[in-house]
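Let me begin by presenting the structure, written as structure tokens, before commenting on it.
Residue numbers (the working numbering): 837 to 1372.
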């Protein structure tokens, strides 16, 4: 290692996976995959190296029969059409045409075999893409503003900054053994479209007068994360100039690497260290590492847009537009992605952009070409004018492929959204997120209505069910949603949500949003309603 590991002062306080990582760096598995396992096959892979596959961006998919899931890093969700075409071709050759957009702007494959991986790695690298460290105890895909460079509501274009930070960390062995996964977001959008509060380290837009001149830069938040015990990130009292983003990031990541908890794996995220230390102690250690920094300036975040962009919108470049498409529950395929690449090349700027709402944008379309572009057949399913509930439904992978998920989520979320669109009339788009386990890849905690998969005992045995939570939001008034008591069988979820939404519709004041209504009437009102529904 290129550094002296502080945690080795007392090896007795390390969880067993720490010894796996010390025995062999996670990044070493990439070469082993290429040189050994791809030739010898699935049965040749020992358990420890199977766990290290995460550093290659690869997980075993359910039911552990030799197939794998892979994530592709897409910084800020922005890819070229050349990259999109390569992603589509790999999906067609190895992934049964299935292409998923994740809640961290990544692309996800399924059905891969270990024999396929060397060719996939090589083909991705040809177009400047990587799956490496998209998973694992390391800095993962950097999320950001999918509108970077075209956004009327950004203080600066963050594309180059994100690329700089990504380049530094990718395959960097100084930071390839962190206590757990580590997630960053960087955005200068004033509506927090990179979900700052749920990241380990987040940069948000700010300004500060320095030497009599207003400087555009960032404030930072640290220690956010979801899973079974969610934490909102805490602001640190420093102002960061654009050229200092990497320096600050290295300082924060070093603190996590050297002082993050490694005794119990379920408590190894940065959020637990920040919660114990507090923002002041964290800042003190950070300044010790990187030197003095100016105090916070003026925060420019004014709300939360939640990364939804469906429809046609003007860019900051006069005469140009972007089209926001709905990808139902984030699932598309190779053919659709190639059609989107055709449209981006013919009408737009040659880029495809993914969002944290699992959707896709096509940008750079001149005013006089918008109507022609909208006639593309692919927009019939990936529509820029989706129905209300389908447009705001997010889902994790679920137990179709994920070994951790308790219930199926993707297709079920789509069915529920369709049911609500057919049975509820509402002049508001309510955000509904489904997750299949407590790890919360579908980010249910920040939804208006979050549903977490579970099981419930019936006379016929255990059946799939969901727990319901209401009232999540990020931005200046960030708050996780609150779980209601009363487990709902999967077959009843659509009907129960319909009744809860109709309760809101009947009781709300004029113009009152769902979130504002939850705050006004209180969670107990929803609890009372759910209890009455379940009582029958």
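Even for Gly, the Cβ is constructed at its ideal location relative to N, Cα and C. These numbers come from a predicted model, not from an experiment.
Out of the options, which one is the CA nearest neighbour of residue i?
i	options	result
residue 941	973, 908, 1011	908
residue 1045	1053, 1039, 1079	1053
residue 894	1117, 1194, 1237	1237
residue 1058	1112, 1050, 1213, 1189	1112
residue 1133	1072, 1123, 1172, 1297	1072
residue 1123	1343, 1142, 1080, 1359	1080
residue 1256	1282, 1329, 1324, 1310	1329
residue 872	1342, 1347, 952	952
residue 931	905, 937, 939	905
residue 849	892, 1312, 1096, 887	1096
residue 1190	1168, 845, 1208, 1275	1168
residue 1157	994, 1208, 1120	1208
residue 1274	1302, 1296, 1254	1302
residue 1292	1326, 1341, 1310	1326
residue 1305	960, 1064, 1359	1359
residue 1136	1082, 1192, 1050	1050
residue 845	1290, 926, 1099, 856	1099
The ligand GTP heavy atoms versus the CB of residue i: any closer than 7 Å?
i	result
residue 910	By its list of ligands, the structure shown contains no ligand whatsoever, and the ligand GTP lies outside what it can speak to.
Rounding to the nearest angstrom, what Cα-Cα distance links residue i and residue j in this structure?
i	j	result
residue 860	residue 1114	33 Å
residue 934	residue 1162	17 Å
residue 1272	residue 1246	9 Å
residue 1026	residue 1138	6 Å
residue 1030	residue 1144	11 Å
residue 1067	residue 875	43 Å
residue 878	residue 1227	39 Å
residue 1164	residue 915	20 Å
residue 1155	residue 1218	24 Å
residue 1230	residue 1090	33 Å
residue 946	residue 897	7 Å
residue 1262	residue 1234	28 Å
residue 1000	residue 1125	20 Å
residue 1108	residue 1092	10 Å
residue 1204	residue 1184	12 Å
residue 1055	residue 1307	26 Å
residue 837	residue 1174	For residue 837, the predicted structure reports a pLDDT of 40, less than 50, and the residue's modelled location is therefore unreliable. The matter cannot be settled from this model.
residue 1259	residue 1212	29 Å
residue 1140	residue 1223	21 Å
residue 1024	residue 1039	8 Å
residue 1117	residue 1094	15 Å
residue 1032	residue 1069	7 Å
residue 1243	residue 882	28 Å
residue 1349	residue 1268	14 Å
residue 1279	residue 1142	12 Å
residue 1035	residue 1042	18 Å
residue 1010	residue 955	27 Å
residue 1338	residue 1270	20 Å
residue 784	residue 852	Beyond the ends of the chain as shown, which are 837 and 1372, falls residue 784; an answer cannot be given.
Take residue i and list the residues in its own chain whose beta-carbon comes closer than 6 Å to its own, dropping the five residues that flank it on each side.
i	result
residue 1147	1160, 1220
residue 1084	1076
residue 890	971, 972
residue 1129	1074
residue 918	963
residue 1105	1016, 1061
residue 784	Given that the chain is displayed from residue 837 to residue 1372, the structure contains no residue 784 and the question cannot be resolved.
residue 1214	1172, 1175
residue 1239	898
For residue i, collect the residues of the same chain with a Cβ closer than 7 Å to its Cβ; drop the 5 residues on either side in sequence, then sort them by chain order.
i	result
residue 885	865, 868
residue 1322	1366, 1367, 1370
residue 1152	986, 987, 988
residue 1356	none
residue 1336	1362, 1365, 1366
residue 1006	966, 968, 969
residue 1037	1020, 1056, 1058, 1085, 1088
Would you verify that the beta carbon of residue i is, or is not, closer than 8 Å to some beta carbon of chain C?
i	result
residue 1218	Given the protein chain composition of this structure (a single chain), no chain C is represented.
By Cβ distance below 8 Å, which residues in the same chain neighbour residue i in space, the five residues on each side in sequence not counted?
i	result
residue 998	911, 912, 978, 980, 984, 1022
residue 1251	1330
residue 1186	916, 917, 1180, 1200
residue 948	894, 903, 904, 905, 906, 930, 931, 956
| message | Would you call the segment 1277-1293 in contact with the segment 1318-1333, where contact means no fewer than 3 C-beta pairs closer than 8 Å? | response | Under the three-pair Cβ rule at 8 Å, the segment 1277-1293 counts as touching the segment 1318-1333.
| request: Taking only runs that begin and end inside the segment 1058-1112, name each unbroken beta strand (DSSP E) of 3 or more residues, in chain order. | output: Listed in chain order, they are 1070-1076.
| task | Check whether the segment 973-982 touches the segment 1002-1021, counting contact only when three or more Cβ pairs, one atom from each stretch, lie closer than 8 Å. | result | Yes: at least three Cβ pairs fall under 8 Å.
| said: At 4 residues or longer, what runs of the alpha helix (DSSP H) sit wholly inside the segment 1159-1216? | reply: List check, alpha helix (DSSP H) in window: 1170-1183, 1206-1209.
| query | Which runs of the beta strand (DSSP E) fall wholly inside the segment 868-929 and span at least 3 residues, in chain order? | reply | Segments of the beta strand (DSSP E) lying fully in the segment 868-929: 894-896, 904-908, 914-916.
| field | Length-filtered (4 minimum) alpha helix (DSSP H) runs lying within the segment 1282-1344 | value | You should have 1329-1343.
| query | Is there contact between the segment 1191-1199 and the segment 1165-1181, where contact requires at least three CB pairs shorter than 8 Å? | reply | Three or more beta-carbon pairs drawn from the segment 1191-1199 and the segment 1165-1181 are found closer than 8 Å, and the two stretches are therefore classed as touching.
| message | Restricting to runs no shorter than 3 residues, where is the beta strand (DSSP E) found entirely within the segment 1105-1156? | response | The beta strand (DSSP E) runs of length 3 or more contained entirely in the segment 1105-1156 are, from start to end of the chain, 1147-1150.
| query | For the segment 949-1035, which segments carrying the alpha helix (DSSP H) assignment without a break, of at least 4 residues, lie completely within its bounds, in sequence order? | reply | 953-962, 995-1005, all fully within the segment 949-1035.
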